[in-house]
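The opening residue of the sequence shown carries number 19 in the working numbering; numbering runs sequentially from there.
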Amino acid sequence: MRALPPAARAYILCAVLVAAACVAPALTDSGTPWTAVLLLAALYLGCELVKICPRLSRRVPEGIGSFFPVVLAAVLLLPPAAAALVALPGGLAGTDGRRPVRVRRVWHGAQQATAAWVAGRTYGLLGGPATLGGGPSTGSGSAAGPADFPFALLPATAAAVVFCLVLTVLDGGILAAAERRPAATAWRGLLSASLAPHCVHGLAGLMMAVMWRSPYGPPAALLVLLPMYISCWVFAQYHRERAAHQATIRALVQAVDIKDRYTRGHSERVGQASTMIARELGMTEDRLETVRIAGILHDVGKLGVPTRLLRKDGPLTPQERRIIELHPEYGHEMVRGIGFLGEARSAILHHHERVDGSGYPYGLTGEQIPVLARVVAVADAFDAMTSTRSYSRARSVPVALAELERCAGAQFDPSMVRALVDAIGRTGWHPVVTSDEDLQVIPAGAADAGTPVPAAGRAPGPDPRPSALPGMPEQGSRTAAPAPRSGRVPAVPGPAGGSGGAGPDTDAGGAGG
């Protein structure tokens, strides 16, 4: 708890107090249907504990809320305070494995209890109990009358939507308080990602409530969980497939790191910086994952470049430089058949394009360059500047950001540069460091002694420390003499049979990659 910012601690404390106020009436009211409360609470608690059991957890999807139909059935069957009490034990037991575990459990319990209470109040105001055939169940299984379909669907759906809205509002608030996200982006994408699943859970909860109120009683209601379990199993299959995707990405990145030892760990940090930019721009969660993958895999094409060129200590010849500049096309060709990468493939191909049209491989300009490619280009340059390598010293974060701003509009998209500057200004830069990597990053405010920033338009000279901008391959002092500016370097056939010509020389001097 002490590791959380004060605002987050205050926010969680307020949520706990609100949840306590929601549950308290059920503990003091003599009319609380304790039989139904205990049965549903035990059922929901058991559903959450199943995910912790080593033997069974592999068949249950990760995350909180796999069995929300039980909570929503309680919302439809019980008074609001009793429904909140049902949600509390399961919420306290659930965990996603991230630290601090105890604080997360308290938060989830308070969050779900509050959402159940608000959803129950909404259901009551819309006359939902009457559509089920009478008042709240006493747990006896008797029914006051048949359920009134289809009118029962409206209040039940409204309760599920309100339940989802409360969870979303509370989730966005804790993200803003704990991670200091802007209010404009803290809630973005949360509702759209969770609304449909909660509506499905609401319908399942309605089925449970109807069966509970039927002459067959609670045992029949338990049968509703069987199809829900099957759907959860299918969802678990999706999670395992996604884990396989991540393993594929990790294998490709490790292969690049082994081949090009000068940039070990670079891919993960570019993915991290790319995600910061995308989040600052307000991209959805799905697209954040895509841009992270694009940043991680942007250099996968180096697997097609001869190792002797990547590890060459001396200057590169023009022909060697043109071969290295084919790595975006090589990378695109390598991942073309991996369907789940989607938009990330275009970022891999175009992350060395420049907004002024002097980049490679195709010399695209401005808006012609895919959005994710423009994001990765800025992240790539920033990490190249702030990383110490065998041929260059790390620059301080302020100097790196200043260099990006200097080249905004010519080499980089100004909006992407501004997003990175704002994100780092708010949260700082805490790069990912692999265990086998010797990485030095100069923190913000540190002196940048002895590391000159090149003037605009300066061609690579004898200075062994490259400028940090990725207009050329990641070779530092190994860069060849500048090509003539009278035109583009003659094209070299790319792996897809097209032209993979390199762009003209820039002031970048060979960083990034």
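Built from N, CA and C at the ideal position, the CB exists for glycine as well.
- Burial check for S292: the Cβ neighbour count within 10 Å reaches 16 or more, so the residue is buried.
- Nearest in C-alpha terms to T203, of all of A194, H448, L183, is A194.
- Annotated three-state conformation of T406 is coil, per DSSP.
- Annotated as distal: L90 and A214, with beta-carbon spacing of 8 Å or more.
- The C-alpha of V68 lies about 31 Å from the C-alpha of G146.
- Annotated three-state conformation of A176 is helix, per DSSP.
- Sequence-distant Cβ neighbours of A100 in its own chain, meaning closer than 6 Å and more than five residues away, are A44, T50, V55.
- By the beta-carbon neighbour count (other beta carbons within 10 angstroms, threshold 16), Y141 is buried.
- With a cut-off of 8 Å on Cβ pairs, the stretch 304-323 is in contact with the stretch 354-367, counting three or more such pairs.
- A176 is not a Cβ neighbour of P107, given a cutoff of 8 Å.
- Around the CB of Y62, 16 or more other CB atoms lie within 10 Å, so the residue is classed as buried.
- Runs of the beta strand (DSSP E) lying entirely within the stretch 406-432 and spanning at least 3 residues: none are present.
- Measuring C-alpha to C-alpha distances from E307 to each of R282, L390, I276 identifies L390 as the nearest.
- Linking A238 to M229 through their CA atoms gives a straight-line distance of about 6 Å.
- P324 has its alpha-carbon roughly 29 Å from the corresponding atom of R413.
- For I314, the uninterrupted alpha helix (DSSP H) segment begins and ends at 303-315.
- Collapsing the DSSP output to three states places T132 in a helix.
- Beta bridge pairing from DSSP links D374 with T383.
- A distance below 8 Å separates the beta carbons of D275 and R282.
- Residue state for T325 is assigned as helix, using DSSP reduced to three classes.
- Under the three-state reduction of DSSP, R198 is assigned to coil, being neither helix nor strand.
- Straight-line measurement puts the Cα of I248 at about 26 Å from the Cα of P173.
- In the DSSP annotation of this structure, the continuous segment of the alpha helix (DSSP H) that includes W52 starts and ends at 52-68.
- F400 carries a helical assignment under DSSP once its states are collapsed to helix, strand and coil.
- V288 is not a Cβ neighbour of V318, given a cutoff of 8 Å.
- Contact between A227 and L94 holds, with the beta-carbon distance rounding to 4 Å and staying under 8 Å.
- In this structure, P97 is the residue among R198, P97, V180, W125 with its C-alpha nearest to the C-alpha of A148.
- Here DSSP, grouped into helix, strand and coil, assigns T203 to helix.
- By alpha-carbon distance to H368, the top candidate from P233, A395, G355 is A395.
- Beyond the five residues adjoining it in sequence on each side, G349 comes within less than 6 Å, by CB distance, of V318, G319, I366 in the same chain, given in chain order.
- When the Cα atoms are used, M246 and G443 turn out to be separated by approximately 45 Å.
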